[in-house]
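Under UniProt numbering, the first residue of the sequence shown is numbered 1, with each subsequent residue one higher.
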Amino acid sequence: MNQSEIRNFSIIAHIDHGKSTLADRLIERTGTLTAREMAPQVLDSMDLERERGITIKAQAVRLEYEYQGQRYELNLIDTPGHVDFTYEVSRALQACEGALLVIDAAQGVEAQTLANLYLALEHDLTVIPIINKIDLPNANPERVQEELIEIGLDGTEAILVSAKQGIGIDETLAAIVSRIPPPVGNPEAPLRALIFDSRFDSYKGVLVYIRVVDGSLHVGDKIQFMATGASFEVTEIGVFRPHPTTVSSLSTGEVGFFAASIKTVQDTRVGDTVTLADHPAKEALPGYRPAQPMVFSGLYPVDTSDYGRLREALEKLQLNDASLTFEPETSAALGFGFRAGFLGLLHLDVIQERLEREYNLSLITTAPNVVYQVRLVTGEEIRVDNPALMPPAGDIEEIREPMVSASIITPSEYIGAVMELAQERRGIYKDLSYIDSQRAMLSYSLPLGEIMFDFFDQLKSRTRGYASFDYQWSGFAPSDLVRLDILINGEVVDAFSMIVHRDKAYYRGRTLVEKLRDLIPRQLFEVPLQAAIGGRVIARETVKAMRKDVLAKCYGGDITRKRKLLEKQKEGKKRMKAVGNVEIPQEAFMAILRVD
Ligand code: GTP
1 MNQSEIRNFS IIAHIDHGKS TLADRLIERT GTLTAREMAP QVLDSMDLER ERGITIKAQA
61 VRLEYEYQGQ RYELNLIDTP GHVDFTYEVS RALQACEGAL LVIDAAQGVE AQTLANLYLA
121 LEHDLTVIPI INKIDLPNAN PERVQEELIE IGLDGTEAIL VSAKQGIGID ETLAAIVSRI
181 PPPVGNPEAP LRALIFDSRF DSYKGVLVYI RVVDGSLHVG DKIQFMATGA SFEVTEIGVF
241 RPHPTTVSSL STGEVGFFAA SIKTVQDTRV GDTVTLADHP AKEALPGYRP AQPMVFSGLY
301 PVDTSDYGRL REALEKLQLN DASLTFEPET SAALGFGFRA GFLGLLHLDV IQERLEREYN
361 LSLITTAPNV VYQVRLVTGE EIRVDNPALM PPAGDIEEIR EPMVSASIIT PSEYIGAVME
421 LAQERRGIYK DLSYIDSQRA MLSYSLPLGE IMFDFFDQLK SRTRGYASFD YQWSGFAPSD
481 LVRLDILING EVVDAFSMIV HRDKAYYRGR TLVEKLRDLI PRQLFEVPLQ AAIGGRVIAR
541 ETVKAMRKDV LAKCYGGDIT RKRKLLEKQK EGKKRMKAVG NVEIPQEAFM AILRVD
């Protein structure tokens with residue numbers, strides 16, 4: 001394809017503003033799929049994604065479109081919508097020249113609208129504002145146009161669309177061709193292609209999604225990954241329409257995938273550059289960095305004999321997910337398991353759910369924690385990804401925790417409530433500005449560990465659901481942190497240990513033992529629960545001993561009721577872990593997260 005007839009673009013939006021629906025309409029209108037073949041949101045391929053209504057992995061679809069008598073190849077690169085995957089979004093945007101910025105006509109500009117816009121501008125993309133859902137009775141496109149001007153875009157250039165009703169779709173396609181520039185790149189130069197995604201296919205090995213920046217790629221070429229140095233021979237090249245279709249080559253500016261009998265996605269890092277082994281490019285494309293897990297959690301099989309199956313499942317998931325890390329870990333309380341690292345909380349949630357659903361594993365997961373940088377009095381620097389392994393206070397010179405820079409958009413009347421919440425979570429105020437006459441944007445620097453504790457839920461409830469929130473990692477900062485331990489029956493339960501700010505340690509410890517008292521079922525004996533900081537007990541509660549057999553009240557009663565009760569108990573058992581001789585339910589391990 002002639003370079004001047006190619007357009008590469010993404011759709012970016014705040015969650016639920018209609019990105020997937022618009023993508024569906026573009027696919028349908030260009031005849032890429034017939035109406036009969038269309039399933040809603042064809043780009044969200046995994047069941048899990050469809051159920052949760054989120055897009056986890058970027059994909060690319062080639063559309064053919066005729067405009068003013070000329071045929072064009074439009075490559076739509078889908079971006080993940082969640083902050084955990086910001087790096088993947090940024091690589092997908094780097095593969096494009098333009099972006100459609102979708103804004104809900106009733107909701108207006110939200111936190112992720114801005115975060116995505118800034119990412120697009122960082123990559124010098126041409127941004128086409130799309131005001132979507134104009135069919136809604138409370139749509140207010142004029143107000144959105146004003147907000148666009150406020151954030152530095154030309155509101156008059158926005159296209160009015162109803163993705164649901166198919167209004168404004170032709171105008172959108174025309175704008176993609178006429179406003180977004182064709183790719184620049186040198187067809188004569190040695191191959192340089194950007195990897196923006198990859199996934200494992202059990203027949204072909206890893207499929208590597210690329211955007212060719214310079215040169216071209218052909219079946220049979222011997223390629224090399226510039227970051228890892230690994231070499232492979234290309235066995236197949238294809239594009240998505242949206243079903244995979246084989247082609248013989250990809251030329252400068254084009255987007256597609258290749259297979260080369262690659263066994264694991266660890267070799268194909270998002271952001272890495274593909275070149276030819278025999279004729280390599282001198283310099284890799286800019287911006288590559290390996291994925292850094294920020295959030296860690298212990299994964300333990302409820303049934304210890306499932307340990308091997310858990311390892312196999314994690315290895316399988318890792319084939320397709322280079323950002324998932326795990327290593328064996330032993331907990332005095334929970335036995336043999338793994339400490340797994342994730343990009344963020346959503347990533348963790350998705351992996352846990354897949355382990356249970358696709359691999360049929362019953363797991364006890366410890367409350368997630370962030371990673372800490374610790375300088376010991378000896379001068380040695382260590383990383384601590386498990387609170388139970390935090391060295392004793394006397395050995396520590398300084399603890400640094402990961403920070404994020406957060407932006408929160410809220411109606412002005414809730415500014416006070418938002419500030420209060422940010423302050424409770426140790427936020428450092430940075431800035432306040434207005435998006436329009438009724439809405440403000442607050443900027444804060446916040447510890448990542450503090451927003452894991454139901455920050456988003458709190459924000460929503462304190463602003464009646466009106467505030468939106470987005471954040472990016474901003475590095476590590478020193479903080480006065482201590483380890484809080486929980487003792488059950490006199491023994492420290494390592495899976496309950498957590499790192500908290502000194503000012504909050506008493507309160508957290510006290511509330512946590514109160515919570516645990518309610519969550520841990522009565523045993524045949526009395527169970528003391530204690531919270532301790534540095535070996536000093538600061539709170540104590542007791543789980544009273546069980547008084548009588550649970551079935552006692554069923555004597556003489558109806559047998560089905562008895563069976564139901566037994567089944568309920570069995571169900572409960574699935575999620576219990578015996579710690580010493582005390583049975584602890586899964587909810588107890590997560591209670592740490594909800595103490596506030
Ligand atoms: P995420 O992938 O979760 O970020 O969402 P998204 O931005 O892809 O939004 P999606 O396309 O899933 O649409 C969100 C909701 O808005 C769905 O219920 C759509 O049916 C609805 N929707 C999308 N476009 C329109 C529109 O033009 N009008 C109306 N009334 N509803 C729309």
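Just so it is clear, CB atoms sit at the ideal spot from N, CA and C, and this is done for glycine as well.
Leaving aside the five residues before and after Phe-258 along the sequence, list all residues of the same chain whose C-beta is less than 6 Å from its C-beta, in chain order.
As a working note, residue 258 is residue 258 in the sequence shown. Excluding residues within five positions, the ones whose Cβ falls inside 6 Å are Val-208, Val-234, Ile-237.
Using 10 angstroms around the beta-carbon of Ile-584, count the other beta-carbons present and answer buried if the total reaches 16, otherwise exposed.
Position 584 of the sequence shown, counted from the first residue, corresponds to residue 584. Under this definition Ile-584 is a buried residue.
Grab me the residues of Glu-450's own chain with a C-beta within less than 6 Å of its C-beta, minus the 5 sequence neighbours each way, in chain order.
Position 450 of the sequence shown, counted from the start, is the residue given in the question as residue 450. Excluding positions up to five away in sequence, the list reads Arg-425, Arg-426.
From Asp-154, Glu-188, Arg-7, Arg-502, pick the residue whose C-alpha is nearest to that of Ala-393; which is it?
For the purposes of this step, residue 393 is taken as the residue at position 393 of the sequence shown. The option with the nearest alpha carbon to Ala-393 is Arg-502.
Out of curiosity, what's the CA-to-CA distance linking Gln-266 and Asp-214?
Position 266 of the sequence shown, counting from 1, holds the residue named residue 266. Position 214 of the sequence shown, counting from 1, holds the residue named residue 214. Distance between the alpha carbons of Gln-266 and Asp-214: 24 Å.
Can you tell me which of Phe-342, Arg-540, Asn-360, Val-384 puts its alpha carbon nearest to the alpha carbon of Glu-398?
The residue you call residue 398 lines up with position 398 of the sequence shown. Selected option, being the one with the closest Cα: Val-384.
So, for Pro-293: in the same chain, excluding its five sequence neighbours on each side, which residues have a beta-carbon less than 6 Å away from its beta-carbon?
As a first step, residue 293 is located in the sequence shown; it is residue number 293 there, counting from the start. Excluding residues within five positions, the ones whose Cβ falls inside 6 Å are Thr-325, Gly-341, Phe-342.
Is the beta carbon of Phe-196 sitting closer than 8 Å to the one on Ala-92?
Here residue 196 is taken as the residue at index 196 of the sequence shown, counted from 1. Here residue 92 is taken as the residue at index 92 of the sequence shown, counted from 1. A contact, by the Cβ cut-off of 8 Å.
Taking 7 Å as the cut-off, is the C-beta of Asn-132 nearer than that to any heavy atom in the ligand GTP?
On the sequence shown, residue 132 is found 132 positions in, with the first residue counted as 1. At least one heavy atom of the ligand GTP is nearer than 7 Å to the Cβ of Asn-132, so yes.
Rounded C-beta distance between Leu-478 and Arg-400? I'm assuming under 8 Å.
The sequence position of residue 478 within the sequence shown is 478, counting from 1. The sequence position of residue 400 within the sequence shown is 400, counting from 1. Per the sequence shown, the amino acid found at residue 478 is Pro instead of Leu. Between Arg-400 and Pro-478 the Cβ distance is about 5 Å, and since that is below 8 Å, they are a contact.
When DSSP labels each residue in this structure, what does Arg-71 get in the three-state scheme?
Start at 1 with the first residue of the sequence shown, and residue 71 comes out as number 71. Residue state, collapsed to three classes: strand.
Can you give the Cα-Cα distance for Pro-387 and Asp-494, rounded to whole angstroms?
Within the sequence shown, numbered from 1, the residue matching residue 387 stands at position 387. Within the sequence shown, numbered from 1, the residue matching residue 494 stands at position 494. C-alpha separation (whole angstroms): 8 Å.
Who does Asn-138 pair with in a DSSP beta bridge?
On the sequence shown, residue 138 is found 138 positions in, with the first residue counted as 1. DSSP, once it has assigned bridges, lists no residue as partnering Asn-138.
Compute the Euclidean distance between the alpha carbons of Leu-22 and Arg-269, then round it to the nearest angstrom.
Indexing the sequence shown from 1 puts residue 22 at position 22. Indexing the sequence shown from 1 puts residue 269 at position 269. Near 29 Å, if we compare the C-alpha coordinates of Arg-269 and Leu-22.
When we look at the beta-carbon of Asn-138 and count the other beta-carbons within 10 Å, is it buried (16 or more) or exposed?
Looking up residue 138 in the sequence shown gives position 138. Exposed, since its Cβ has fewer than 16 Cβ neighbours within 10 Å.
Under three-state DSSP, which class holds Asn-369?
Along the sequence shown, one-based indexing puts residue 369 at 369. It is a strand residue.
For Pro-387, which of helix, strand or coil comes out of DSSP?
Residue mapping note: residue 387 aligns to position 387 of the sequence shown, counting from 1. Looking at Pro-387 - three-state DSSP - the assignment turns out to be helix.
Just to confirm before moving on: does the CB-CB distance between Ile-11 and Val-255 stay below 8 Å?
Within the sequence shown, numbered from 1, the residue matching residue 11 stands at position 11. Within the sequence shown, numbered from 1, the residue matching residue 255 stands at position 255. Cβ distance not < 8 Å, so Ile-11 and Val-255 don't count as in contact.
What do you get for Met-546, buried or exposed, if any count of 16 or more other CB atoms within 10 angstroms of its CB means buried?
By 1-based counting over the sequence shown, the position of residue 546 is 546. With fewer than 16 Cβ atoms within 10 Å of its Cβ, Met-546 is classed as exposed.
Using only the alpha-carbon positions, how far apart do Val-61 and Ser-20 sit?
The residue given as residue 61 occupies position 61 in the sequence shown. The residue given as residue 20 occupies position 20 in the sequence shown. Roughly 13 Å between the two C-alpha positions.
Sorry if obvious, but does the Cβ on Ser-10 come closer than 7 Å to a heavy atom of the ligand GTP?
On the sequence shown, position 10 is the one that residue 10 refers to. No, the ligand GTP has no heavy atom inside 7 Å of this Cβ.
Count the other C-beta atoms from every protein chain shown that fall within 10 angstroms of the C-beta of Ala-531, then say buried if there are 16 or more, exposed otherwise.
Stepping through the sequence shown from its first residue, residue 531 is reached at position 531. Ala-531 should be labelled buried.
Evaluate Glu-88 with the Cβ neighbour count: other Cβ atoms within 10 Å of its Cβ, from every protein chain shown; 16 or more gives buried, anything less gives exposed.
Translated into the one-based positions of the sequence shown, residue 88 becomes position 88. Flag for Glu-88 reads buried.
Taking its Cβ as the centre, do 16 or more other Cβ atoms sit within 10 Å of Leu-26, making it buried, or is it exposed?
Taking the first residue of the sequence shown as position 1, residue 26 is located at position 26. By the 10 Å Cβ count, Leu-26 comes out buried.
Between the Cα of Ala-333 and the Cα atoms of Asp-485, Leu-310, Tyr-429, Arg-357, which residue gives the shortest distance?
On the sequence shown, residue 333 is found 333 positions in, with the first residue counted as 1. Here the closest residue by C-alpha is Asp-485.
Considering only residues of the same chain and omitting the five flanking positions on each side of residue 619, which have a CB-CB separation below 8 Å?
Residue coverage of the chain in this structure runs from 1 to 596, which leaves residue 619 outside it and unanswerable.
Considering only residues of the stretch 289-371, which uninterrupted alpha helix (DSSP H) runs meet the minimum length of 4 residues and lie entirely inside it, listed in chain order?
Listed in chain order, they are 307-319, 345-357.
Mind checking whether the beta-carbon of His-347 lies closer than 7 Å to any heavy atom of the ligand GTP?
Counted from its first residue, the sequence shown places residue 347 at position 347. Not so, every heavy atom of the ligand GTP lies at least 7 Å from the Cβ.
On the criterion of 16 or more Cβ atoms from any shown chain inside 10 Å, does Arg-357 qualify as buried, or is it exposed?
Residue mapping note: residue 357 aligns to position 357 of the sequence shown, counting from 1. Arg-357 should be labelled exposed.
Quick test of the definition: if touching needs 3 or more C-beta pairs under 8 Å, does the stretch 370-383 touch the stretch 427-440?
Contact between the stretch 370-383 and the stretch 427-440 is absent, because fewer than three Cβ pairs lie under 8 Å.
For Ser-297 and Val-513, I'd like the C-alpha separation in whole angstroms.
Here the question's residue 297 lines up with position 297 in the sequence shown. Here the question's residue 513 lines up with position 513 in the sequence shown. Answer to the nearest angstrom: the Cα atoms are 21 Å apart.
Are three or more beta carbon pairs between the stretch 269-283 and the stretch 300-316 nearer than 8 Å?
No, the stretch 269-283 is not in contact with the stretch 300-316.
My output table needs one value for Glu-97: the three-state DSSP class, helix, strand or coil.
Taking the sequence shown and counting its residues from 1, one reaches residue 97 at position 97. Note: Glu-97 maps to coil in three-state DSSP.
Residues bridged to Ala-591 by DSSP?
The residue you call residue 591 lines up with position 591 of the sequence shown. In the DSSP output, where bridge partners are listed per residue, Ala-591 has none listed.
Please tell me whether Ile-134 and Val-161 are closer than 8 Å, where the distance is taken between their beta carbons.
The sequence position of residue 134 within the sequence shown is 134, counting from 1. The sequence position of residue 161 within the sequence shown is 161, counting from 1. Taking 8 Å as the Cβ cut-off, Ile-134 and Val-161 qualify as a contacting pair.
Who are the Cβ neighbours of residue 610 in its own chain at under 7 Å, not counting the five residues just before and after it?
What is shown of the chain runs 1 to 596, which leaves residue 610 out entirely.
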